[in-house]
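Report on the structure given below.
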Amino acid sequence: MIEFAIILACVFIAFSIGSNDTSNAFGISIGCGLLKFNTAIFLLLIFVFLGILLQGDAVMRTVGKELVGLSKKSLSISLIMASIIIVVSNWRRYPLSSHQVIIGSLTGSSLALGLDVNVSTLIKIILSWIISPISALFLSVVIYTAFERILKRTSLLLTQKLFSILLLISALLIAYNTGANELATAIGSVVYYGILSPFQASLIGSVSLFLGAYALSHRVIETIGKKITPLDIFSGFSAQFGAGLSVLLFTIMGMPVSTTYCIVGAVFGIGVLKGAQTVRSDLIKRIAIGWVTAPTLSFIVCYALGKIV
């Protein structure tokens, strides 16, 4: 019965990732008018599944084996509470990091229940959270500056076609990373505790993520795609490809970093480069507050529940 509850919690959190993090992959493409919502969601399912199958093990190992000791009770507490926090943040239109919520929840519940917590791994993860959006910002600005020279030598029509293709490629890279990093973070503990096989967890997680994206992702897509700073196709490609490269690098290292904050960092960098007046500083502040409160709140709540339950 407890194992069923843990699997259900895993489904719930994958559904929540879909509802909140679809904006990472296709928010800019939809905001630019490049893709229809239904087309984007179908592509998301395919590339998320490819990402988790082909490259998800490194992050799953970090979260499910190297970070904390696990028990059925710690898994049920952390996954259920993480999914609730993520869904609420989606409803409130905060582009919130599912990674931070999951890591905070797992650490809090494991510590409360007297299970092992690998401090060195936790420090590496936190440092990766700080470095990854900065690297995404830097990469997006470099890409924007480099391709800006191409724009000056190319006709407008050819440029639009070229960057439409490049923006789609960058969106698919983010979708791939969503499977290899985001979903891997959610199911890593379930796989390494032995409740589900890697393929079972990947399939269930991918389908659940797809359903969450289809049902509830519209609101956060609006925030990423249009509200932080206005993006054309060229800017959208630069921001998204820079973020995608950053996340892919940390995925290779097995670090569960936030695609959400890499996208936000990249979009912010492009916005500042184009002119600070185009950036919604008030929204950036709200996101920054969420960056701090998400892991802290999830840690406290799951630690308290671990002591009480």
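Residues 21 to 329 in our numbering are what the sequence shown lists, from first letter to last. We put the beta carbon where it would ideally sit given N, CA and C, even for glycine.
1. What is the DSSP secondary structure of V161, counted as helix, strand or coil?
2. Rounded to a whole number of angstroms, what is the C-alpha to C-alpha distance between I146 and A221?
3. Between the Cα of S91 and the Cα atoms of L131, L203, Y196, which residue gives the shortest distance?
4. By alpha-carbon positions, which one of V277, A29, I272, F57 ends up nearest to W311?
5. Between the region 252–271 and the region 152–170, are three or more C-beta pairs nearer than 8 angstroms?
6. Sort A314, P218, I253 by Cα distance to V287 and report the nearest one.
7. Spatial neighbours of L73 within its chain, please: CB distance less than 7 angstroms, with the 5 preceding and 5 following residues excluded, ordered by chain position.
8. Could you tell me whether the Cβ atoms of A102 and S318 are closer together than 8 angstroms?
9. Does the distance between the C-beta of I106 and the nearest non-hydrogen atom of the ligand FAD fall short of 7 angstroms?
10. Would you call the region 55–62 in contact with the region 115–129, where contact means no fewer than 3 C-beta pairs closer than 8 angstroms?
11. G291: which of F24, Y164, S152, L64 sits nearest, CA to CA?
12. Look at the Cβ atom of G71, then the Cβ atom of T205, and state whether they are nearer than 8 angstroms.
13. Label M80 either buried or exposed according to how many other C-beta atoms from any shown protein chain fall within 10 Å of its C-beta, with 16 as the threshold for buried.
14. Residues in the same chain with beta-carbon distance under 7 angstroms from S96, minus the five sequence neighbours each way, listed in chain order, please.
15. What three-state label does DSSP hand V88 in the structure shown?
Let's see:
1. To locate residue 161, count along the sequence shown from 1; it is residue 141. In the structure shown, V161 sits in a helix (DSSP, three-state: H, G or I).
2. Residue mapping note: residue 146 aligns to position 126 of the sequence shown, counting from 1. Residue mapping note: residue 221 aligns to position 201 of the sequence shown, counting from 1. So the two alpha carbons sit approximately 26 angstroms from each other.
3. Stepping through the sequence shown from its first residue, residue 91 is reached at position 71. Proximity to S91 across L131, L203, Y196 peaks at L131, based on C-alpha coordinates.
4. As a working mapping, residue 311 is identified with position 291 in the sequence shown. That would be V277, whose Cα lies nearest to the Cα of W311.
5. They touch, by the three-pair rule.
6. Residue mapping note: residue 287 aligns to position 267 of the sequence shown, counting from 1. The shortest CA-to-CA distance from V287 to any of A314, P218, I253 is the one to I253.
7. As a first step, residue 73 is located in the sequence shown; it is residue number 53 there, counting from the start. Closer than 7 angstroms at Cβ, skipping near neighbours: S222.
8. Translated into the one-based positions of the sequence shown, residue 102 becomes position 82. Translated into the one-based positions of the sequence shown, residue 318 becomes position 298. Yes, these two residues count as a Cβ contact at 8 angstroms.
9. The ligand FAD is not part of this structure, which contains no ligands at all.
10. No, they do not touch.
11. What you label residue 291 is simply residue 271 of the sequence shown in a count that begins at 1. Closest by alpha carbon: Y164.
12. Here residue 71 refers to the residue found at position 51 when the sequence shown is read from its first residue. Here residue 205 refers to the residue found at position 185 when the sequence shown is read from its first residue. Not closer than 8 angstroms, so no.
13. Locating residue 80 in the sequence shown gives position 60, counting from the first residue. Under the 10 Å beta carbon count, M80 is surrounded by 16 or more other beta carbons and is classified as buried.
14. Here residue 96 refers to the residue found at position 76 when the sequence shown is read from its first residue. These residues qualify, in order along the chain: I22, A25, I26, A29.
15. One-based indexing of the sequence shown puts residue 88 at position 68. In the three-state reduction of the DSSP assignment, V88 falls in the strand class.
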